[in-house]
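Going by full-length UniProt numbering, the sequence shown opens with residue 1, and the numbers climb by one from there.
Virtual Cβ for every residue (Gly too), placed ideally from N, Cα, C.
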Amino acid sequence: MSFNASQTRAIHHKNGPMLVLAGPGSGKTLVITERTKYLIEVCGIDPAQILVITFTKAAATEMKRRFQRKMNRSCPVTFGTFHAVYFAILKHAYNYSADNIAREEQRYQCMREIIAKEHLTYEDETEFITSLLGEISLVKNSGIEIANYYSKNCAETVFRKVYRQYHEFLYKNRLIDFDDMLVYTKELFEQRADILAAWQNKYRYILIDEFQDINRIQYDIIKMLAGERKNLFIVGDDDQSIYRFRGAKPEIMLHFKDDYPEAEKVLLDVNYRSVKNIVTSAGYLIGHNKERFQKKIEAADQGDIPVEWQLFESQRKENARIIWDIQEAVEKGAKYEEFAVLFRTNTQPRLLMEQLMEYNIPFRTRDTVPNLYEHWIAKDIFAYIRIALGSRERRDFLQIMNRPKRYISRESLDEETVAFDVWEWYYEEQPWVAKRIEKLEGDIRMLERLSPYAAINYIRKAIGYDEFCTEYADYRRIKADDLFDVLDELLDAAREYKTYDAWFDHIENYTKELQEFYRVQNQNPNSVALATLHSAKGLEYENVYIIDVNEGVMPYKKAVLEPEVEEERRMFYVGMTRAKKNLHLFSVRQLNHKDAEISRFIKEAQPPEKKKD
């Protein structure tokens, strides 16, 4: 097998630290496995003294498989994730077993109990618990003092109570979560020099893949493990660091030479995946980031296929073009699996999924795409409509009676069936509340006569549901715009239906199809891939469509500070470099019937002289 000059230099590195900058499609897995083989066969290193770390179990398994195939024999090199390696260290020290690792359902059940005890309010329980556990993880991984952490989900004092009770639950049940594996290993190495020395002696050569995704605590442990030998071989691409929200610190890679001034640096500068124009455009784009290693990547394939950019009137037309392209290519012999549609957030492809189902085009999703109609906001809208259609069930009224705030108590509805006159009579001594019930009755009569589209608008503006969302967002410390996006999407989805029955029939059929799709989706590998930019990392496809390349989506509206915008640009770079032959960047004039601006990334991906046009 032949290697280029940069790959050869990396593979033949023996002692001391080395930083390998590996651009997209540059053969980093090849370099790691070949260097491991070189250490054993040429340098005579004991395979048991080599540790190869990557970030996911799937990547570690694949790397081990490739390595064993090269060796044609069983070699006791350790391949594993940070968590697997650190847990192995803790097992030796504390006799832990797999039973000591907190299972996902145990953590969620614990959080449910804490939330109930603290009387915390939320709309979507799973979403709320996931957010809280994410924050707990961030605190542990970044080493922030809990007293200095400001929660995004609840008041500081409340979050500290949640954090403490969660830890008491783990301690009492002798359980550890994935973040504890890091925290406890660091503490163990700091307190027990003898144990640290034993592990330093065991792992004399350390190779780390995807180093740009490392966090502070993982790095602190690795530095201790590398010790005085400093045989640390790190491979990664700072331009593909996209996990800051999980605590990844791309600056660790950027400042690696501050910790290891003697480290050699090599750039794997040939992209063997993408054709020339994709590599060039992606290079123009990422060049706008300031906090990065400057690098020039060349394409091995000089094929002259242009990168396409198109502007569409709407998402519906954007999707229609993708469907037409796929159908035409498949008729000519292409496979569905050669196509991928990438997007920024997992709510974006809902309409596309509906259209793909209409045309019987098989697809698979890398992320769970939430059903719009199961969102709590949709359930509120449906409750209003059900009441307008004649429902007098207590649960429907309980759901919406204080959305917006009407200051009506649950006790006022003590029967399973609600009668407006009886309900008003309950408040005869508080006529101002009775008046609000009377107004609700009038609104319900109005809704009865409207189309679904007009009804949603009426609930939002005339009844005051938008105001409720603003207050709720303020209380929960979330952005009201996120809630309005759901309402806008519902509005758009209802637009073409003239009656409630027709709309509800569509919702029921779509929900059934979606459930069936999730049941069978992995059984058909020959299907179009739908993925967020995050989950597409590490994958490659012949044809890639990146959709809704508009300001507010890419870069995402929450990215305000320069480091956040740079992360968004890296994410877009990752998306562009998934394409092997054909890359299509699609923008729209309107998102949910609101004017949308073309993303700055479109201009940035063009050569400097073109930007003046």
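Excluding its 5 nearest sequence neighbours in each direction, R394 has C-beta neighbours in its own chain below 8 Å: L413, E415, E416, T417 and V418, listed in chain order. Rounded to whole angstroms, the separation of the alpha carbons of T365 and L530 is 5 Å. DSSP places I234 in the uninterrupted beta strand (DSSP E) bounded by L232 to G236. Boundaries of the alpha helix (DSSP H) around T61: K57 to M71. K140 counts as buried, since at least 16 other C-beta atoms from the protein chains shown sit within 10 angstroms of its C-beta. For E62, the closest C-alpha among the options K479, T33 and V85 is that of T33. Of all alpha-carbon atoms in V42, Y171, S151 and I377, the one lying nearest the alpha-carbon of A102 is that of Y171. The three-state reading of DSSP puts R273 in strand, counting E and B together.
Within the model, the alpha-carbon separation for Q165 versus N201 is close to 39 Å. Rounded to the nearest whole angstrom, the CA to CA distance from N148 to E125 is 26 Å. The region 268 to 275 and the region 244 to 255 do not touch, with fewer than three beta-carbon pairs separated by less than 8 Å.
At a Cβ-Cβ threshold of 8 Å, I53 and G80 count as neighbours. A Cβ-Cβ contact shorter than 8 Å links L285 with Y573. Following the DSSP letters along the chain, one finds T54 inside the beta strand (DSSP E) bounded by residues I50 to T54. Using a C-beta cut-off of 8 Å, the region 468 to 475 makes no contact with the region 419 to 439, since fewer than three inter-stretch Cβ pairs fall below that distance. Distances from the alpha-carbon of P370 to those of Q348, Y359, Y163 and M357 put Q348 closest. In this chain, the alpha helix (DSSP H) harbouring R436 covers P431 to E448.
For R216 and S142, the gap between their C-alpha atoms comes out near 6 Å.
Annotation: I408 to N402 spans about 7 Å, alpha carbon to alpha carbon. Pairing A197 with P17 gives a Cβ-Cβ distance that is not under 8 Å.
In this structure W432 is exposed. Its beta-carbon is surrounded by fewer than 16 other beta-carbon atoms within 10 angstroms.
Look at the beta carbons and you see the region 579 to 595 touching the region 313 to 323: at least three pairs across the two are nearer than 8 Å. Beta-bridge partners assigned by DSSP to K265: L19.
Assigned with DSSP and collapsed to three states, G247 falls in coil, not helix or strand. Here W199 is buried: its Cβ has 16 or more other Cβ atoms, across all protein chains shown, within 10 Å.
Counting only runs of 4+ residues, the alpha helix (DSSP H) found wholly inside the region 315 to 370 occupies 315 to 331 and 350 to 358, in chain order. In this model, M1 and K296 are separated by some 25 Å (Cα to Cα).
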